[in-house]
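K.L.:
Residue numbers (our numbering), protein chains in the order written: chain A, 93 to 175; chain B, 93 to 459. Just so you know, even glycine gets a beta-carbon here, dropped at the ideal spot from N, CA and C.
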């Protein structure tokens, strides 16, 4: 939030936060080997889109400023999607 | 709203709860009261009853814990994950855990225990997270001064347990739908080059870089402002926005509410006491003239002289022919005035005193 609305690039630590958020609330599993990680990349994009859709954000699959802003907000620990 | 997958529910609707331990942040009485009020929100709209017990196993066990507390869902220190609760069922079912690495409060400082408990007990009763930002069951923490079930929350819990036996069914506030053609506004103002629309507890704003309309609680920016604002305008060369409700007004600079507010409109602007509230207001940047709209009349205030101009009030139709005799909201952009009344919006040229276009109220939201 702010005036004018913030638009920032994704920082390194944001990438970690995105992954943690998706693991906690969108069932992105965190284990997996190299190959898995490739697939995980696609999985992260898919989970990110699920989160953006839930919060009414533009569904880009990319951690843009609005998406990061929502992820930084304090919240309930219960996942947003069924296990 | 969303029901927990599998639709778990309590068959016995007379439930017990027990507060196993207390946070040191609040008195025991404050914790007891926050928990009791949180349950009351849900019992008011369903046949559910909640009885506090002091020992033994209750249906809903409430505790303050930190870090890994052996339920396979560790907390994460201050911020982030505030609390969680389990769906209806035996054992841990229904239980609610609050992260005691948070600071728990009974006011609008982070984090209000009553507000978080009301959300968690929704889970204890069988609700999952709602996508409605105005619902208590929305995942992110917001606190807009009062804690109330939205209509979305009521619809959700009554889908599981049915309505209460109350003769009159309580209803809750609806969250505005930005593309609802029936959408009307309480107030609209420019602010640092953007336009902000206000309705009930919410603001809406568009961002040139982002097509989605941002809708959130007014308290996200200005927790001291009341809900249900009635008028707002920007004095651009002072980088100040003024918000009006009743005979009071507040001034903000960006996200800061200026000290010494609210003030009253009589002493500050010279309104007669017959004026009880302002319907709409807009300030013309190049002349420093601010127009106030009250019922079918308008007043003109000179921001430089800081006094009302002579010859006012006038009927709205004299200075602004064609826009009708009531204004809900108005703002200025690009030298034009945009007047809103109900679902209608009039683009008005103050120089030629002519309406240029008739638009839908939510035409700014790219629906």
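1. Report the rounded CA-to-CA distance for residue 268 of chain B versus residue 96 of chain B, giving the unit in angstroms.
2. Considering residue 129 of chain B, what are the terminal residues of the alpha helix (DSSP H) in which it resides?
3. So which residues on chain B does residue 105 of chain A lean against when the C-beta distance must stay under 7 Å?
4. Quick one: measure Cβ to Cβ for residue 234 of chain B and residue 344 of chain B, integer angstroms, because I've assumed they're closer than 8 Å.
5. When Cβ atoms are compared, which residues of the stretch 365-393 of chain B fall closer than 9 Å to chain A?
6. For residue 118 of chain B and residue 197 of chain B, I'd like the C-alpha separation in whole angstroms.
7. Which of the three DSSP states, helix, strand or coil, is assigned to residue 211 of chain B?
8. Between residue 169 of chain A and chain B, is there a C-beta pair that is closer than 7 Å?
9. What three-state label does DSSP hand residue 165 of chain B in the structure shown?
10. Since residue 163 of chain A is in the alpha helix (DSSP H), which residue starts that stretch and which ends it?
11. Just tell me which of B:427, B:353 and B:277 has its CA closest to the CA of residue 285 of chain B.
12. Tell me which residues share the same chain as residue 331 of chain B and place their Cβ nearer than 6 Å to its Cβ, disregarding the 5 neighbours each side in the sequence.
13. Taking all protein chains shown into account, decide if residue 301 of chain B is buried (16 or more other Cβ within 10 angstroms of its Cβ) or exposed.
14. Count the other C-beta atoms from every protein chain shown that fall within 10 angstroms of the C-beta of residue 444 of chain B, then say buried if there are 16 or more, exposed otherwise.
15. In angstroms with no decimal places, state the Cα-to-Cα distance between residue 170 of chain B and residue 164 of chain B.
16. State yes or no: is the beta carbon of residue 166 of chain B nearer than 7 Å to at least one beta carbon in chain A?
17. Within a Cβ cutoff of 7 Å, which residues of the same chain sit near residue 413 of chain B, ignoring the five residues on either side of it in sequence?
18. For a contact defined as C-beta to C-beta under 8 Å, what are the partners of residue 95 of chain B on chain A?
19. Would a C-beta distance cut-off of 7 Å place residue 191 of chain B and residue 213 of chain B closer than the cut-off?
20. Helix, strand or coil for residue 229 of chain B? Go by DSSP, reduced to three states.
21. For residue 158 of chain A, return the contacting residues in chain B, with the cut-off set at a CB-CB distance below 9 Å.
22. Nearest CA to the CA of residue 173 of chain B: which residue from A:145, A:153, A:138 and A:117?
23. From residue 136 of chain B to residue 256 of chain B, what does the alpha carbon distance come to, in whole angstroms?
24. Let's test the definition: count the other Cβ atoms within 10 Å of the Cβ of residue 263 of chain B and tell me whether it reaches 16, buried, or not, exposed.
25. In angstroms, rounded to a whole number, what distance separates the CA positions of residue 278 of chain B and residue 397 of chain B?
26. Just checking my contact of residue 236 of chain B with residue 309 of chain B at CB under 8 Å: how many whole Å lie between their CB atoms?
27. Just tell me which of B:100, B:131, B:353 and B:439 has its CA closest to the CA of residue 109 of chain B.
28. Any idea which residues DSSP pairs residue 139 of chain A with across the strands?
29. Is the Cβ-Cβ distance between residue 319 of chain B and residue 293 of chain B less than 7 Å?
30. Out of curiosity, what's the CA-to-CA distance linking residue 127 of chain A and residue 120 of chain A?
31. If you measure between the beta carbons of residue 357 of chain B and residue 341 of chain B, is that distance less than 7 Å?
32. Classify residue 259 of chain B as buried or exposed, calling it buried when 16 or more other Cβ atoms lie within 10 Å of its own Cβ.
P.N.:
Quick answer:
1. Taking the second chain and counting its residues from 1, one reaches residue 268 of chain B at position 176. Taking the second chain and counting its residues from 1, one reaches residue 96 of chain B at position 4. Their Cα atoms are separated by approximately 25 Å.
2. Translated into positions along the second chain, residue 129 of chain B becomes position 37. Segment 120-135, the alpha helix (DSSP H) holding residue 129 of chain B.
3. In the first chain, the residue the question calls residue 105 of chain A occupies position 13. Neighbours of residue 105 of chain A on chain B: none; closest Cβ ~14 Å, over 7 Å.
4. Counting from one through the second chain, the residue named residue 234 of chain B turns up at place 142. Counting from one through the second chain, the residue named residue 344 of chain B turns up at place 252. Contact doesn't hold; Cβ gap of about 19 Å is too wide.
5. none
6. Against the second chain, residue 118 of chain B aligns to sequence position 26. Against the second chain, residue 197 of chain B aligns to sequence position 105. Near 7 Å, if we compare the C-alpha coordinates of residue 197 of chain B and residue 118 of chain B.
7. For the purposes of this step, residue 211 of chain B is taken as the residue at position 119 of the second chain. Helix, per DSSP.
8. Taking the first residue of the first chain as 1, we reach residue 169 of chain A at position 77. Chain B, which has a Cβ nearer than 7 Å to the Cβ of residue 169 of chain A, makes this yes.
9. Numbered from its first residue, the second chain carries residue 165 of chain B at position 73. Here residue 165 of chain B sits in coil by DSSP.
10. In the first chain, counting from the first residue as 1, residue 163 of chain A sits at position 71. From DSSP, the alpha helix (DSSP H) with residue 163 of chain A extends over 157-163.
11. Residue mapping note: residue 285 of chain B aligns to position 193 of the second chain, counting from 1. When each option's Cα is compared against that of residue 285 of chain B, the closest is B:427.
12. Locating residue 331 of chain B in the second chain gives position 239, where the first residue counts as 1. Once the five neighbours on either side are set aside, the close Cβ partners of residue 331 of chain B are 345.
13. As a working note, residue 301 of chain B is residue 209 in the second chain. Label assigned to residue 301 of chain B: exposed.
14. Within the second chain, numbered from 1, the residue matching residue 444 of chain B stands at position 352. So residue 444 of chain B counts as exposed.
15. Residue mapping note: residue 170 of chain B aligns to position 78 of the second chain, counting from 1. Residue mapping note: residue 164 of chain B aligns to position 72 of the second chain, counting from 1. About 19 Å.
16. Counted from its first residue, the second chain places residue 166 of chain B at position 74. Not one chain A Cβ lies under 7 Å of residue 166 of chain B.
17. Working through the second chain from its first residue, we reach residue 413 of chain B at position 321. Closer than 7 Å at Cβ, skipping near neighbours: 445.
18. Counted from its first residue, the second chain places residue 95 of chain B at position 3. Chain A residues near residue 95 of chain B: none, gap ~11 Å exceeds 8 Å.
19. Within the second chain, numbered from 1, the residue matching residue 191 of chain B stands at position 99. Within the second chain, numbered from 1, the residue matching residue 213 of chain B stands at position 121. Not closer than 7 Å, so no.
20. Along the second chain, read from residue 1 onward, the residue named residue 229 of chain B stands at position 137. Coil.
21. Counting from 1 along the first chain, the entry for residue 158 of chain A is found at position 66. Near residue 158 of chain A (Cβ distances below 9 Å), the residues of chain B are 299, 302, 304 and 306.
22. Taking the first residue of the second chain as 1, we reach residue 173 of chain B at position 81. When only C-alpha atoms are compared, the closest one is A:117.
23. Sequence index remark: in the second chain, residue 136 of chain B carries index 44 (1-based). Sequence index remark: in the second chain, residue 256 of chain B carries index 164 (1-based). Rounded to the nearest angstrom, the two C-alpha atoms are 7 Å apart.
24. On the second chain, position 171 is the one that residue 263 of chain B refers to. With fewer than 16 other Cβ atoms within 10 Å, it is exposed.
25. Taking the second chain and counting its residues from 1, the one referred to as residue 278 of chain B is at position 186. Taking the second chain and counting its residues from 1, the one referred to as residue 397 of chain B is at position 305. The straight-line gap from Cα to Cα measures roughly 28 Å.
26. Locating residue 236 of chain B in the second chain gives position 144, where the first residue counts as 1. Locating residue 309 of chain B in the second chain gives position 217, where the first residue counts as 1. So it is a contact: roughly 4 Å between Cβ atoms.
27. In the second chain, counting from the first residue as 1, residue 109 of chain B sits at position 17. Minimum Cα distance to residue 109 of chain B is reached at B:131.
28. As a working note, residue 139 of chain A is residue 47 in the first chain. DSSP lists no partner for residue 139 of chain A.
29. Counting from one through the second chain, the residue named residue 319 of chain B turns up at place 227. Counting from one through the second chain, the residue named residue 293 of chain B turns up at place 201. Yes, these two residues count as a Cβ contact at 7 Å.
30. Here residue 127 of chain A refers to the residue found at position 35 of the first chain. Here residue 120 of chain A refers to the residue found at position 28 of the first chain. Its pLDDT being 42, under 50, residue 127 of chain A is placed unreliably by the model, and nothing is read from it.
31. In the second chain, the residue the question calls residue 357 of chain B occupies position 265. In the second chain, the residue the question calls residue 341 of chain B occupies position 249. For residue 357 of chain B and residue 341 of chain B, yes; Cβs fall inside 7 Å.
32. One-based indexing of the second chain puts residue 259 of chain B at position 167. Its Cβ having fewer than 16 others within 10 Å, residue 259 of chain B is exposed.
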